[in-house]
Amino acid sequence: MIEVTQEPIQVQSVIARATKSTGGAVVTFVGTVRNNSEGKQVLYLEYEAYPEMAKKKLQEIAAEIKGKWQLEEVAITHRLGRMEIGEISVVIAVSAAHRFPAFQACEYTINRIKEIVPIWKKEFYEEGSAWIEGTHHVKV
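Going by the numbering used here, the residue at position 131 of the sequence shown is 131; the numbering climbs one at a time, nothing skipped.
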């Protein structure tokens, strides 16, 4: 199950969509909004996207990792819009027969999302804002 949404993410729902009786491990990654970035205090952030293309790219990643690590199931949900400190922006859940490939797939997935999915993050600070591209800041 792949989802791009404006609504708050329900972690247990994403985990449930990835859980299969044939899997012995379910590994999750939960990305949250932190209150700092490169020495600056973050007040909040906003995610923007081309939702149809973002969903298509997330589906491509899911298909790629299912084959590469022989996963049972993959569920990814990414939130768009304004998010406050501590809110959940992305949840990845993967199930596999064993834990090691599930951990590897989960880590690979968040890195691929940052590399190829057309979702853009803008951080807001007291002194301004910046678009974040991977690990690079672009001043606004």
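For glycine and all other residues, C-beta sits at the position ideal for the given N, C-alpha and C.
- The C-alpha of Phe-124 lies about 19 Å from the C-alpha of Lys-114.
- Take the alpha-carbon of Val-30 and the one of Val-91: they are about 5 Å apart.
- Assignment of Met-53 by DSSP, reduced to helix, strand and coil, places it in the helix class.
- If you compare the alpha carbons of Ile-119, Ser-129 and Trp-131 with that of Glu-48, the shortest gap goes to Ile-119.
- Ile-2 places its beta carbon 9 Å or farther from that of Ala-96.
- By the C-beta density criterion, Glu-72 is buried, having at least 16 other C-beta atoms within 10 angstroms.
- Close CB contacts of Ala-105 within its chain, under the 8 Å cut and outside five residues either way in sequence, are with Val-27, Ile-65, Lys-68, Trp-69, Leu-71, Val-74, Val-94 and Ala-96 (chain order).
- Burial is judged here by how many other beta carbons sit within 10 angstroms of a residue's own beta carbon; Thr-109 has at least 16 and is buried.
- If you compare the alpha carbons of Asn-111, Ile-116, Ser-89 and Ala-102 with that of Leu-45, the shortest gap goes to Ser-89.
- By the Cβ neighbour-count rule, Arg-34 is exposed, with fewer than 16 other Cβ atoms within 10 Å of its own.
- Per DSSP, reduced to three states, the secondary structure at Arg-34 is coil, with no helix or strand assignment.
- In the same chain as Lys-20, and ignoring 5 residues on each side of it, the C-beta atoms closer than 6 Å to its own belong to Glu-72, Glu-73 and Ser-95, in chain order.
- In the structure shown, the three-state DSSP call for Thr-109 is helix.
- As DSSP reads the structure, Met-83 sits in a beta bridge with Leu-45.
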